[in-house]
Amino acid sequence: MNRQVKQVLGLSAFAAGCMALGMGLSHGWQAQAQEEKPVMVEAKGMDRLPPIADVAEKLNPTVVAITNTSFVKNQRFQHPQIGGDDFFDFFFGPGGPQQRRTPRGGNDGEQRAVSGGSGVIISPQGEILTNYHVIASMGEGDNALEVKTSDGRSFKAAVLGKDKELDIALIKIDAAHLPFAKLGESDSLRIGEWVVAIGNPFGLEHTVTQGIISAKGRKLDTGVSSFLQTDAAINRGNSGGPLLNLKGEVVGINTAINPAGQNIGFAVPISQVNRILKDLRSGKPVSRGYLGVGPTDLDQAYQDALGVREGVVVSTVEKGQAADKAGVLRLDVITAVDGQPVRSQDELVSVISSRRAGETVKLSVWRDGKTLTFTVTLGDRKALDAQRRRDSGEEPEDEGSPKPQGDVKGVNLEKTYGFTVEPMDLKHRLKGVVVTSVDPRSPAAERGMAPGMVITEVGRQAVNNLTEFNAQVKKAGGKTLLLFIQSPNGSQKVTLAIPPR
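Throughout the sequence shown, residue numbering follows mature numbering (1 follows the signal peptide of the UniProt record, and there is no 0), covering -33 to -1, 1 to 468 in sequence.
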């Protein structure tokens, strides 16, 4: 009996041990399974759509359309009396009155060129942020900017400041109490965050598109800007318009697209704009710091050779520039600027160019197994670029000074109305005078007059020759001329009202 009891107790103990072991293994398996859960995101607000409509409704009044009229050189006008009606197509379009084209001609060989873009109002007094390339002159002379607000009003605009490297400009209109957008902060934007773009693509005013932040820190060229990438639809005419977060804050200025792809747009981060806003408002050239090194990314080969895993290799040091004066050497590895780690050459360029010339920064540098600290007084990137152009025999670029234009020869007609005429050739079947030049800055050009047009009446009075035409112009006394104009073969006709300058 005792033996049987011992056997039962022994079997019970064995079973209990197996159960304990099983429970322990089960707990281990369970713990292991918990540690290897797939990555998941807790879904919040899935029953609500992002407030795109609210952003569009409230921020639309802060977005403006910008028209830039400038003057470009073209070939000198040839007398049009031989040939067909091509010169007349600017007004009617090929085969009829379909579209208005840019007038041509002018004694100085200029052509009026009109382009458009967008902007965002950032103060109630009419300060507007846009792209540099929206307001830049397309020719060698001056240009005129016109701003149209969401309520249909039009204003002439003046340029306060511009930065070609960042492709940003600040302009101003003479207005008050305007709706304006708040400048946000772009450094903390997350990939995948919702954004809204508003602008005037292809002249379609106040077009709203939505998307996400596709990437940050995109480098498009050798400039100083690293761009936000978005899949919100951006097209020609969106340039200068705002990229907004769902709070309605401006996080970027839309500036470029990749025409080879779809929904690949880029915006200048607003944090970079904020750093130069003071300079833009002052009208002074933007001050941008310069280190004077040629940076190279720290790839695996450099890591193995230099014994450091993170930073930017100094490939070259420019003699006499900021880094050289501070003692930085070739093959140093810059690991941080003012305690902020830098992991790529783009990051280093972005950090340094965001500081002003004359500021001091502390560089953390890895050299021969040790970390060193250098205090560097930054140079001026713009001054250095100008010096390089002078050294190479080029003239430094002066963005603010228009080059002088040639005098437009003519008589009182040109001075008063902006065009000149000559008698018609005897072989021509029409009577009247032919327009020989049009100043592209004149009211005549604005109304659509172009060289080659034939003027046959002033008001309702027929003019058969230059003498009769001059008599009617004199009779007008400097007031608006009502001119009946035809193409050389008489097939197309139009009346133009040409006011004095």
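Quick reminder that beta carbons are idealized off the backbone N, C-alpha and C, glycines included.
Worksheet entry | With 16 other Cβ atoms within 10 Å as the buried cut-off, status of residue 458 | Flag for residue 458 reads exposed.
Worksheet entry | For residue 249, the first and last residue of its enclosing alpha helix (DSSP H) | Counting along the chain, the alpha helix (DSSP H) containing residue 249 begins and ends at 237 to 249.
Worksheet item: Using the beta-carbon count (16 or more within 10 Å), is residue 453 buried or exposed?
Response: Residue environment analysis places residue 453 among the buried positions, since at least 16 neighbouring C-beta atoms fall within 10 angstroms of its C-beta.
Worksheet item: residue 377 by DSSP, collapsed to three states: which one?
Response: Because the pLDDT at residue 377 is just 34, under 50, the model does not fix this residue reliably, and the point stays unresolved.
Fill in: Residues that residue 213 bridges to, as DSSP identifies them
For residue 213, DSSP assigns no beta-bridge partner whatsoever.
Worksheet item: So, residue 208 versus residue 170, is the Cβ gap smaller than 9 angstroms?
Response: Their beta carbons are not under 9 angstroms apart, which means residue 208 does not touch residue 170 by this criterion.
Worksheet item: Can you tell me whether residue 255 is buried or exposed, with buried defined as 16 or more other CB within 10 angstroms of its CB?
Response: By the neighbour-count criterion, in which a residue is buried when 16 or more other Cβ atoms sit within 10 angstroms of its Cβ, residue 255 is buried.
Fill in: Spatially closest choice to residue 469 from 230, 385, 116, 259, by CA coordinates
The shown model of the chain, from -33 to 468, leaves out residue 469, and the question about it has no answer.
Discussion item. Does residue 471 come out as helix, strand or coil in the three-state DSSP assignment?
Written reply: Residue 471 falls outside the range modelled here, since the chain spans only -33 to 468, and no answer is possible.
Item to complete: Please confirm whether residue 262 and residue 279 have their CB atoms less than 9 angstroms apart.
Response: It is a contact, given that the beta carbons lie within the stated cut-off.
Worksheet item: From this set, 307, 302, 221, which residue's C-alpha is nearest residue 136's C-alpha?
Response: Nearest in C-alpha terms to residue 136, of all of 307, 302, 221, is 221.
Worksheet entry | Inter-stretch contact at 8 angstroms, needing at least 3 Cβ pairs: the segment 150 to 159 / the segment 179 to 186 | Short answer: they touch.
Practice prompt. Could you please give me the residues that DSSP links to residue 31 through a beta bridge?
Written response: Answer is 86.
Worksheet item: With contact counted as at least three CB pairs below 8 angstroms, one residue from each stretch, are the segment 108 to 122 and the segment 226 to 243 in contact?
Response: The segment 108 to 122 vs the segment 226 to 243: no contact.
Worksheet item: Which of the three DSSP states, helix, strand or coil, is assigned to residue 408?
Response: Coil.
Item to complete: Given a cut-off of 9 angstroms, decide if residue 102 and residue 84 are closer than it, judged by their beta-carbon atoms.
Response: Taking 9 angstroms as the Cβ cut-off, residue 84 and residue 102 qualify as a contacting pair.
Item to complete: Use the C-beta contact count for residue 23: other C-beta atoms within 10 angstroms, 16 or more gives buried, fewer gives exposed.
Response: Note on residue 23: 16 or more other CB atoms within 10 angstroms of its CB, so buried under the neighbour-count rule.
Worksheet item: Ordered along the chain, which non-local residues of its own chain (more than five positions away) have a Cβ less than 6 angstroms from that of residue 348?
Response: Answer for residue 348: 255, 257, listed in chain order.
Worksheet item: Where do the N-terminal and C-terminal ends of the alpha helix (DSSP H) with residue 437 fall, by residue?
Response: Its alpha helix (DSSP H) spans residues 433 to 443.
Discussion item. Taking its Cβ as the centre, do 16 or more other Cβ atoms sit within 10 Å of residue 318, making it buried, or is it exposed?
Written reply: It is buried - the Cβ of residue 318 has at least 16 other Cβ atoms within 10 Å.
Item to complete: Report yes or no: do three or more beta-carbon pairs, one from the segment 143 to 150 and one from the segment 263 to 276, lie closer than 8 angstroms?
Response: Between the segment 143 to 150 and the segment 263 to 276 there are fewer than three C-beta pairs closer than 8 angstroms, too few to call the two in contact.
Discussion item. Taking 6 angstroms as the limit between beta carbons, can you name the residues of its chain near residue 189, skipping five residues before and five after?
Written reply: Below a pLDDT of 50, predicted positions are generally treated as unreliable, and residue 189, at 47, falls in that range; no measurement from the model is reported.
Worksheet item: In chain order, what residues of the same chain lie with their CB nearer than 7 angstroms to the CB of residue 466, ignoring the 5 residues before and after it?
Response: The answer, listed in chain order, is 410, 447.
Worksheet item: What residues in its chain sit with their C-beta under 8 angstroms from that of residue 206, if we drop five residues either side in the sequence?
Response: If we look at residue 206 and ignore the five residues flanking it on each side, its Cβ neighbours are 84, 85, 97, 98, 100, 101, 166, 221, 222, 223.
Discussion item. Could you check whether residue 117 and residue 217 sit closer than 9 angstroms to each other, using their CB atoms as the reference points?
Written reply: Taking C-beta atoms as the reference points, residue 217 and residue 117 fail to come closer than 9 angstroms.
Discussion item. Please state the DSSP three-state secondary structure of residue 299.
Written reply: Coil, per DSSP.
Worksheet item: Among 18, 128, 400, which has the Cα closest to the Cα of residue 439?
Response: Of 18, 128, 400, the residue nearest in Cα terms is 400.
Discussion item. Using the three-state DSSP reduction, which class does residue 469 fall into: helix, strand or coil?
Written reply: Since the first residue of the chain shown is -33 and the last is 468, residue 469 is not available in this structure.
Worksheet item: Beta-carbon separation of residue 297 and residue 311 under 9 angstroms?
Response: Not closer than 9 angstroms, so no.
Worksheet item: Counting along the chain, where does the alpha helix (DSSP H) carrying residue 21 start and finish?
Response: Boundaries of the alpha helix (DSSP H) around residue 21: 19 to 26.
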